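Numbering (the working numbering), first residue to last: 28 to 447.
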């Protein structure tokens, strides 16, 4: 049993390199993000412990009874018994134990206890997701889950609060459901929002039959990266890349921001050039306390695992770009007016979040490719940009002058008519 992501055969060199780090699929939170993680409470679960890292924490004990109730409900209507399922998970428990990098945190947890944690937490998580999406469970089960739904929804996306996908896979197969399909639309709606008046493309992930995530957070990040696992460097280090500091600066050179409502994935960033102007399409974000937590943990996951192969770092790249576009609360309001940002988070809180996060992000190739495209746009259209910037920054003056000229022409025309 292996806890690693299965990789395409043609990438044997990258695969060999990645397998050296297979035990890092459920690491501790990376040190460079730990500052904001601690300050903003993005690391430690508040409601439920999933996996061994926070098992036994006193503050999370009230949820243990709830977990067992929900886990017991998992087997209602299934042909396979609870004991048979437990034995299957116990068989792989020693192998999946190696997926946790912090061996000190697992000291004192026997193999039998570890197998029990995997079994209870796995059953709970699958049943919770299935019930939350109203695919199973009666009113009584939903009444148990609903009071804890928001807290669990947050905690199950924490990097340090994961269980290996090998465990989840055994349980999902018993339910005859596809975890990807169950979560796809709900996660997209949570992260990006789904405007009712806009038709969006179906979220289709070309993962191939060989793809297996390390855990749930890995799976969600994989979707948001549009299934990209390998990206060769494509930008030129010789290109001088100007720094764009706000939406207003982009507007000055004829680049308008627009929400990419057709494709709800973080990787959906692109510049579309027209004859005179260009549009920078960015995926929208629906921001609240839970989504902040998701974003930070997806960025953290990229930093400590996926970057060995996926240099795009789609989440880090997108957050880096958004951070550059926001220097003042007015910039946040501008992004809201374009429907790129929405949700209950205040302008001030949004600005503070991105300003705090920006210094510790890791700009990936997705970020630098987009910056290079913007640089090329500026270099090739420099003459037009000079003209447009003058017109853009002096619109009111030009309109006023033209109005005066129009009035003067009218007066001269009237005087000329009188003279005739």
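Beta carbons: idealized from backbone N, C-alpha and C, even for Gly. Predicted model only: the values in this text are computed from it and were never measured.
Reduced DSSP category for residue 309 - H, G, I as helix; E, B as strand; rest coil | Stepping through the chain shown from its first residue, residue 309 is reached at position 282. Strand at residue 309.
Under the rule that 16 or more other beta-carbon atoms within 10 Å means buried, what is residue 149, buried or exposed?
-> Within the chain shown, residue 149 is the residue found at index 122, counting from 1. So residue 149 counts as buried.
CB contact flag (residue 197, residue 117, <8 angstroms) | In the chain shown, the residue the question calls residue 197 occupies position 170. In the chain shown, the residue the question calls residue 117 occupies position 90. No, Cβ-Cβ distance for residue 197 and residue 117 is not below 8 angstroms.
In angstroms, rounded to a whole number, what distance separates the CA positions of residue 371 and residue 358?
-> To locate residue 371, count along the chain shown from 1; it is residue 344. To locate residue 358, count along the chain shown from 1; it is residue 331. Distance between the alpha carbons of residue 371 and residue 358: 17 angstroms.
Could you name the residues of the same chain whose beta carbon sits closer than 6 angstroms to that of residue 383, not counting the 5 residues immediately before and after it, in chain order?
-> For the purposes of this step, residue 383 is taken as the residue at position 356 of the chain shown. Within the same chain, 63 come within 6 angstroms of residue 383 by CB-CB distance, once the 5 residues on both sides are set aside.
From the DSSP output, in three-state form, read off residue 30 for me.
-> Numbered from its first residue, the chain shown carries residue 30 at position 3. At residue 30, the pLDDT of 48 sits below 50, so the modelled position is not reliable; the number obtained from the coordinates is stated separately. In the displayed model, residue 30 falls within coil according to three-state DSSP, outside both helix and strand.
How would you label residue 94, buried or exposed, when you count the other beta carbons within 10 angstroms and need 16 or more for buried?
-> Sequence index remark: in the chain shown, residue 94 carries index 67 (1-based). Under this definition residue 94 is a buried residue.
Nearest candidate by alpha-carbon position, reference residue 244, set 183, 147, 167 and 306 = One-based indexing of the chain shown puts residue 244 at position 217. Nearest of 183, 147, 167 and 306 to residue 244, Cα basis: 183.
Could you pull out every residue in the same chain whose Cβ sits closer than 7 angstroms to the Cβ of residue 377, ignoring the five residues on either side in sequence?
-> On the chain shown, residue 377 is found 350 positions in, with the first residue counted as 1. Answer for residue 377: 314, 359 and 368, listed in chain order.
Residue-level contact to chain C via CB, residue 63, 8 angstroms cutoff | Given the protein chain composition of this structure (a single chain), no chain C is represented.
Proximity of residue 273 and residue 349 at Cβ, strictly below 8 angstroms | Locating residue 273 in the chain shown gives position 246, where the first residue counts as 1. Locating residue 349 in the chain shown gives position 322, where the first residue counts as 1. Taking 8 angstroms as the cut-off, the beta carbon of residue 273 is found no closer than this to the beta carbon of residue 349.
Can you tell me the Cβ-Cβ gap for residue 179 and residue 74, rounded? I've got them flagged as a contact below 8 angstroms.
-> Residue 179 sits at position 152 when you count from the first residue of the chain shown. Residue 74 sits at position 47 when you count from the first residue of the chain shown. That belief holds up - the Cβ atoms of residue 179 and residue 74 are roughly 6 angstroms apart, short of 8 angstroms.
Would you call the segment 401-416 and the segment 317-332 in contact, with 3 or more CB pairs under 8 angstroms?
-> At 8 angstroms Cβ cutoff, the stretches do not touch.
When DSSP builds the beta bridges, which residues end up paired with residue 286?
-> Taking the first residue of the chain shown as position 1, residue 286 is located at position 259. Residue 286 pairs with 309.
Out of curiosity, what's the CA-to-CA distance linking residue 2 and residue 388?
-> Missing from the structure shown is residue 2; the chain here goes from 28 to 447 and no further.
Separation of residue 419 from residue 431, as counted between CA atoms | Locating residue 431 in the chain shown gives position 404, counting from the first residue. Locating residue 419 in the chain shown gives position 392, counting from the first residue. When only Cα atoms are considered, residue 431 and residue 419 end up about 19 angstroms apart.
Exposed or buried, which one is residue 396 when buried takes at least 16 other CB atoms within 10 Å?
-> Position 369 of the chain shown holds residue 396. That one is buried.
So residue 94 is in the alpha helix (DSSP H); what residue range does that whole segment cover?
-> Within the chain shown, the letter at position 67 stands for residue 94. Residues 89-100.
Count the other CB atoms within 10 Å of the CB of residue 173; is the residue buried (16 or more) or exposed (fewer)?
-> Taking the chain shown and counting its residues from 1, the one referred to as residue 173 is at position 146. Around the CB of residue 173, fewer than 16 other CB atoms lie within 10 Å, so the residue is classed as exposed.
Could you tell me whether any non-hydrogen atom of the ligand ZN is closer than 7 angstroms to the CB of residue 395?
-> Because no ligand of any kind appears in the structure shown, any question about the ligand ZN cannot be addressed here.
Beta-carbon proximity check, residue 133 vs residue 79, cutoff 8 angstroms = Numbered from 1 along the chain shown, position 106 holds the residue referred to as residue 133. Numbered from 1 along the chain shown, position 52 holds the residue referred to as residue 79. Contact: yes.
Okay, do the segment 100-116 and the segment 76-92 touch, 3+ Cβ pairs below 8 angstroms being the bar?
-> Two segments are said to touch when three or more pairs of C-beta atoms, one from each, lie closer than 8 angstroms; by this definition the segment 100-116 does not touch the segment 76-92.
Residue 345 to residue 89 span [Cα, whole Å] = Your numbering for residue 345 matches position 318 in the chain shown. Your numbering for residue 89 matches position 62 in the chain shown. Taking C-alpha positions only, residue 345 is separated from residue 89 by approximately 37 angstroms.
With DSSP as the reference, label residue 299 as helix, strand or coil.
-> Sequence index remark: in the chain shown, residue 299 carries index 272 (1-based). Taken through DSSP and simplified to helix, strand or coil, residue 299 comes out as strand.
Out of curiosity, what's the CA-to-CA distance linking residue 343 and residue 394?
-> Numbered from 1 along the chain shown, position 316 holds the residue referred to as residue 343. Numbered from 1 along the chain shown, position 367 holds the residue referred to as residue 394. If you take the alpha carbons of residue 343 and residue 394, they lie about 8 angstroms apart.
Cα separation between residue 299 and residue 241?
-> Counted from its first residue, the chain shown places residue 299 at position 272. Counted from its first residue, the chain shown places residue 241 at position 214. Using only the alpha carbons, I get a separation of about 35 angstroms.
Ordered along the chain, which non-local residues of its own chain (more than five positions away) have a Cβ less than 6 angstroms from that of residue 59?
-> Residue numbering aside, residue 59 sits at position 32 when the chain shown is read from its first letter. Same-chain partners within the cutoff: 387.
Apart from the five residues just before and just after residue 295, which ones in its own chain have a Cβ nearer than 6 angstroms to its Cβ?
-> The count along the chain shown starts at 1 and reaches residue 295 at position 268. Only 287 and 310 meet the Cβ criterion.
Residue 365 beta carbon less than 8 angstroms from that of residue 284 | Taking the first residue of the chain shown as 1, we reach residue 284 at position 257. Taking the first residue of the chain shown as 1, we reach residue 365 at position 338. At a Cβ-Cβ threshold of 8 angstroms, residue 284 and residue 365 count as neighbours.
Over the uninterrupted alpha helix (DSSP H) stretch that includes residue 111, give me the two end residues.
-> Within the chain shown, residue 111 is the residue found at index 84, counting from 1. First-last of the alpha helix (DSSP H) with residue 111: 109-124.
For the segment 341-381, list the alpha helix (DSSP H) runs that are entirely contained and at least 4 residues long, ordered along the chain.
-> Listed in chain order, the alpha helix (DSSP H) elements of length 4 or more contained wholly in the segment 341-381 are 341-352 and 356-364.
Considering only residues of the same chain and omitting the five flanking positions on each side of residue 374, which have a CB-CB separation below 7 angstroms?
-> The residue given as residue 374 occupies position 347 in the chain shown. Excluding sequence neighbours, residue 374 sits near 356, 359 and 360.
Neighbourhood of residue 305 by C-beta distance below 7 angstroms, restricted to the same chain and skipping five residues each side | Counting from 1 along the chain shown, the entry for residue 305 is found at position 278. Scanning its chain for C-beta atoms nearer than 7 angstroms, with the 5 sequence neighbours on each side dropped, one finds around residue 305 the residues 281, 282, 298, 299 and 404, in chain order.
Cβ neighbour criterion (16 or more within 10 Å) applied to residue 441 = Here residue 441 refers to the residue found at position 414 when the chain shown is read from its first residue. Exposed, since its Cβ has fewer than 16 Cβ neighbours within 10 Å.
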